[in-house]
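Enquirer: Following this message is one structure expressed as structure tokens.
2 protein chains.
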Amino acid sequence: MKRILITIAYEGTAYAGFQRQENAVTIEERLTEALFQVTGEEIELIGGSRTDAGVHALGNVAVFDTESSIPGEKFAFAVNRHLPPDIRVMASKEVSEEFHPHRVPSRKTYRYRIQRASIQDPLRRAFTWQIHRGLDIQAMKEAAAYLVGEHDFSSFCAAGSQVRSKVRKIISIELTENGDELWIQITGNGFLYNMVRIIAGTLAEAGLGRWEPPHMQEILEAKDRGLAGPTAPPWGLVLVGYEFDME
Amino acid sequence: MKRILITIAYEGTAYAGFQRQENAVTIEERLTEALFQVTGEEIELIGGSRTDAGVHALGNVAVFDTESSIPGEKFAFAVNRHLPPDIRVMASKEVSEEFHPHRVPSRKTYRYRIQRASIQDPLRRAFTWQIHRGLDIQAMKEAAAYLVGEHDFSSFCAAGSQVRSKVRKIISIELTENGDELWIQITGNGFLYNMVRIIAGTLAEAGLGRWEPPHMQEILEAKDRGLAGPTAPPWGLVLVGYEFDME
């Protein structure tokens, strides 16, 4: 028996998210089907992030155990032959049998893409949130700065989440302009349900001038989802990657 | 009666190309349906480029005549309300009643995107041609230089084309690297059927070292489609835009 770590990229448009569920097609289901084709085993995946319906990934991760004799680094090519073209295993390798993606300190990086345009570019409609009004980028940067560090992010967590602690650490938030796009790139040690999308929706409100940047501090301290902005749409979000502190 | 010029962007993935045809859904069909919703008229479009199935556009053009009282520049927003999200009219304006996109000197710019990677990024699978082997960019640039200028491009025209003269003028070919992508951007005063895709496929052969750059001159002079490389896949191609010398 050996444990394999895979890095997974996918366009989330056609899927009900990463995690397996009844009556809906998910990334996990497609991966386990492909792994069955390759190994003949009913493999159970331990996924890194349970991305939502419509959310994309360039570097989600998963681990699984197998009796297969295929060398760890060969799994990517073997599995890709049985995956639809909107899902690809980008890399694979053998890791220690104790390795578990949720039990090892990690940094995750998400990118949220906003297209600032009066008419949405149809070639990017599945990858950007279109905002037709001008955004004050400087105000958004100032508002974003309040979120960096370790905080209780209850205001930025979808209502109904059952998670015990809502304290998370944001290591960095960077806003960069790329042509008509604004990219919000966030690195942290963990994220609550919908956290990045609620941050993007809240920063957009700052950019639209609905309030002054220091108000972000009040939103954070209130620990009340009702004070933050809307949940930005899933298609603007991509899980860029994972870094594990040890592998 | 007035004549309207529209600029059209679309993702070509779901369509059998621009031009209306029986038993297949095309961009033109969707546009005329939307124009009917807006004007109540059975409008005949004169399209700029008949892009193939799967080919994208950021700036294709079309003109049409209408009795509608909608001001020229308002058509874009009016028509977009009736178009699927993979087609958008990006701009519209009234032009003189004599304006015809094929009778006015114009420059068209196409971009062909190649992703150089062993595993295709699933988020760009509809927009890039994946080549897993390394490409000699310098050799491709040298080979491309032979194509600039006015030439008989018979070697770069799909067999069976009924066009009278195969002389066209390429104003520029630029190869630029963008991350793991190589962009081939070609501006010319007109293009033969499949010409940009055959040029991309032929330049890829130069990049793969199948022949030396000066062989491009022989391919051009042979006026024989059999000597050029394969027709690169449609999904890597985008019609970037049109410039008319007078409007």
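Chains as they are written, first to last, in the working numbering: chain A, 909 to 1155; chain B, 909 to 1155. All C-beta atoms, glycine included, are put in the ideal place defined by N, C-alpha and C.
Are the CB atoms of Arg1019(B) and Leu1145(B) within a distance shorter than 9 Å?
Expert: Cβ distance < 9 Å, so Leu1145(B) and Arg1019(B) count as in contact.
Enquirer: Anyone know if the C-beta pair for Thr915(B) and Ala999(B) falls short of 9 Å?
Expert: Their beta carbons are under 9 Å apart, which means Thr915(B) touches Ala999(B) by this criterion.
Enquirer: Please list the partners that Leu966(A) has in chain B, where partner means a Cβ-to-Cβ separation under 8 Å.
Expert: Near Leu966(A) (Cβ distances below 8 Å), the residues of chain B are Asp1029 and Leu1031.
Enquirer: Near Ala1067(A), what residues of its chain come up, given a Cβ to Cβ distance below 6 Å and the 5 sequence neighbours on each side ignored?
Expert: Cβ neighbours of Ala1067(A) beyond the five flanking positions: Arg1133.
Enquirer: What does the Cβ neighbour count give for Glu1155(B), buried or exposed, with the cut at 16 atoms within 10 Å?
Expert: Confidence is the limiting factor: at Glu1155(B) the pLDDT is only 48, short of 50, which leaves the residue's position unreliable, though a coordinate-based value still follows. So Glu1155(B) ends up on the exposed side.
Enquirer: Could you check the C-alpha separation between Phe972(B) and Thr947(A) for me, to the nearest Å?
Expert: Cα to Cα, the separation comes out at about 58 Å.
Enquirer: Residues of chain B with CB under 8 Å from Ala970(A), in chain order?
Expert: Near Ala970(A) there are no residues of chain B at all, since even the closest Cβ is about 15 Å away, more than 8 Å.
Enquirer: Can you look up Ala1067(B) in the DSSP assignment and give me helix, strand or coil?
Expert: Residue state, collapsed to three classes: coil.
Enquirer: Just mark Asn1086(A) as buried or exposed, buried being the case when its beta carbon has 16 or more other beta carbons within 10 Å.
Expert: It counts as exposed.
Enquirer: From the DSSP output, which residues share a beta bridge with Ile935(A)?
Expert: Paired residues: none, contrary to the question.
Enquirer: Alpha carbon to alpha carbon, how far is Met1124(A) from Leu1055(A)?
Expert: Rounded to the nearest angstrom, the two C-alpha atoms are 8 Å apart.
Enquirer: Label Arg1041(B) either buried or exposed according to how many other C-beta atoms from any shown protein chain fall within 10 Å of its C-beta, with 16 as the threshold for buried.
Expert: Answer is exposed; the Cβ neighbour count stays below 16.
Enquirer: Rounded to whole angstroms, how far is the Cβ of Asp1044(B) from the Cβ of Gly1137(B), which I believe are closer than 8 Å?
Expert: With a Cβ gap of about 14 Å, Asp1044(B) and Gly1137(B) do not count as contacting.
Enquirer: Give the DSSP-derived three-state secondary structure of Glu1126(B) in the structure shown.
Expert: Glu1126(B): helix per DSSP, three-state reduction.
Enquirer: Could you name the residues of the stretch 1029–1053 of chain A whose beta carbon sits closer than 8 Å to any beta carbon of chain B, in the order they occur along the chain?
Expert: Answer set for the stretch 1029–1053 of chain A: Asp1029, Pro1030, Leu1031, Arg1033 and Phe1035.
Enquirer: Helix, strand or coil for Phe972(A)? Go by DSSP, reduced to three states.
Expert: Strand at Phe972(A).
Enquirer: Can you check whether the CB of Ile1081(B) is closer than 9 Å to the CB of Ile1092(B)?
Expert: Against a cut-off of 9 Å, the Cβ pair of Ile1081(B) and Ile1092(B) comes out as a contact.
Enquirer: So if DSSP puts Ala917(B) in a beta bridge, which residue, or which two residues, is it bridged to?
Expert: For Ala917(B), which the question treats as bridged, DSSP gives the partners Arg996(B).
Enquirer: Taking CB distances under 9 Å as the criterion, tell me whether Phe985(A) reaches chain B.
Expert: Yes, contact with chain B.
Enquirer: Met998(A) CB to nearest chain B CB: under 9 Å?
Expert: Met998(A) counts as touching chain B.
Enquirer: Residues of chain B with CB closer than 8 Å to the CB of Glu941(A), please, in chain order.
Expert: Under the 8 Å cutoff, chain B gives no residues; its nearest Cβ is about 16 Å from Glu941(A).
Enquirer: Where does Ser957(A) land, buried or exposed, given buried means 16+ other C-beta within 10 angstroms?
Expert: With 16 or more other Cβ atoms within 10 Å, it is buried.
Enquirer: What does DSSP give as the partner residue(s) for Phe1152(A) in the beta ladder?
Expert: Partner(s): Ser1014(A).
Enquirer: Use the C-beta contact count for His1008(A): other C-beta atoms within 10 angstroms, 16 or more gives buried, fewer gives exposed.
Expert: Its Cβ having fewer than 16 others within 10 Å, His1008(A) is exposed.
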